[in-house]
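Chains as they are written, first to last, in the working numbering: chain Z, 7 to 65; chain B, 10 to 294. The structure appears below as structure tokens.
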Amino acid sequence: MKALALLLAVIFFVLGILYGLGKIGFLTASGAGHAHHVTHLVVLWILALLCLIWARFQK
Amino acid sequence: MTFAQAIALAILQGVSELFPVSSLGHTILVPALLQWHNIDRSDPTFLAFVVVLHLGTALALVLFYREEWWRIVRALVRSVLRGQLSQDRDEAVGWRLVVGTIPVGIIGVIAQDPVRRLFASAAAAAAFLMVNGAVMFLGEFLRRRQHAAARASRRIEQMSYAQSAAVGIAQAFALLPGISRSGASIAGGLLCDLDHEEAAHYSFLLATPVIGAAALLEIPRLFAPGAHLAGLEALAGGVVAAIAAYLSVAFLTRYFKRNDLRPFGWYCLIFGALCLVLAHIGVLT
């Protein structure tokens, strides 16, 4: 489970970077505009952080 | 938007955000009922004003539960540093709040705009308000059935993580105008064997990160091109929304010690039906 949590954390973090750089845009289908762009990025990184916390709890 | 309209909207937002009657539905229906045609809900200035109202509401919730939030945050930090869960009550509540917030965060970011575009009309808000009333009656009915089966009430920290996530998913239905965030989460809590007081408590704690984070992430709207928010209006609106929200949560925490969701269910059914008829005959647009 720890490996899965770490893998997910890396995936969400990388997706956040790619999204921020505009390389992927699958989330922008729900809305345009600067505020929502930032929101999607922040949510992806929060998910990455939560996965790291999840990994921390796995022995 | 006049100053009086700004104050009225602030009171409406502060009260209806926490009462289980849908703030989004009311901010669509009430201006339409009062024929406030000068308010354009897509105008950047109006959207910036709404951000201020949400910040005021979130601030009121943080202030009301300040001691509990302080204990929860400290317990969560200790838990992460230790890398181990303990039997601490604040820690258990904190992790259930984290788990309950994740679904609404993800669903909200992905679905908020298309859902709101699709159901932005007064008729849709009125219809969903009636659905909201029915959900509250259904929650009460199922809760009574569980009570009749002699199932003991649980406390927040006794909920499973799956139940916490389920309440979070129920909360996400509030993206639909007319469906109340607190109504959905209180009804969800009742179905997880919480009593009314605990369900309302969990709902209000769950509201704080959701409303607060949504408002913080929307702060760029304050500086969006075309947003000309008057300082006095914004300040007064934020303060009034905060006071209204604080008084509302103080009232509701007392109310749910002895009472249930049914009065709000009746209100939603009657007001929703009235608005639906008015929309049908063309009075409400």
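The C-beta atom is built at its ideal place from N, Cα and C for all residues, glycine as well. What you are looking at is a predicted structure, and each value in this text was computed from that prediction instead of being measured.
**Prompt:** What residues from chain Z crowd round residue 94 of chain B, counting only those whose CB sits closer than 9 angstroms?
**Reply:** 63
**Request:** Using beta-carbon positions only, say whether residue 60 of chain B and residue 222 of chain B come within less than 7 angstroms of one another.
**Result:** no
**Chain-ordered neighbours of residue 4 of chain Z on chain B, where CB pairs are closer than 8 angstroms** = Any answer about residue 4 of chain Z is impossible in this case: the structure gives chain Z only from 7 up to 65.
**Cβ shell of residue 39 of chain Z (< 7 angstroms), same chain only, five flanking positions each side left out** = Note that residue 39 of chain Z scores a pLDDT of 49, beneath 50, so its modelled location is shaky; the value from the coordinates is reported in the next line. Same-chain partners within the cutoff: there are none.
**Asked** Among B:62, B:17, B:114 and B:69, which has the Cα closest to the Cα of residue 256 of chain B?
**Response** B:69
**Request:** Identify whether residue 125 of chain B lies in helix, strand or coil by the three-state DSSP scheme.
**Result:** helix
**For residue 225 of chain B, three-class secondary structure by DSSP** = helix
**Asked** For residue 195 of chain B versus residue 212 of chain B, is the C-beta distance shorter than 7 angstroms?
**Response** yes
**Message:** I need the DSSP call for residue 184 of chain B, collapsed to helix, strand or coil.
**Reply:** helix
**Request:** Give a yes or no on whether the C-beta atoms belonging to residue 200 of chain B and residue 106 of chain B are separated by under 7 angstroms.
**Result:** no
**Message:** Pairs of beta-carbons, one from the stretch 158-166 of chain B and one from the stretch 120-134 of chain B, closer than 8 angstroms: are there three or more?
**Reply:** no
**Request:** Please state whether DSSP places residue 163 of chain B in a helix, a strand or coil.
**Result:** strand
**Message:** In the DSSP output, which residue or residues are listed as bridge partners for residue 203 of chain B?
**Reply:** B:163
**Request:** Please state if the CB of residue 266 of chain B and the CB of residue 206 of chain B are separated by a distance shorter than 7 angstroms.
**Result:** yes
**Asked** Taking C-beta to C-beta, are residue 59 of chain Z and residue 89 of chain B nearer than 7 angstroms?
**Response** yes
**Prompt:** Which of the residues in the stretch 215-231 of chain B, read from start to end, lie with their CB under 7 angstroms from any CB of chain Z?
**Reply:** 226, 227, 229 and 230
**Message:** So residue 89 of chain B contacts chain Z; which residues on that side make the cut at Cβ distance below 7 angstroms?
**Reply:** 59 and 62
**Alpha-carbon to alpha-carbon, residue 85 of chain B and residue 104 of chain B** = 7 angstroms
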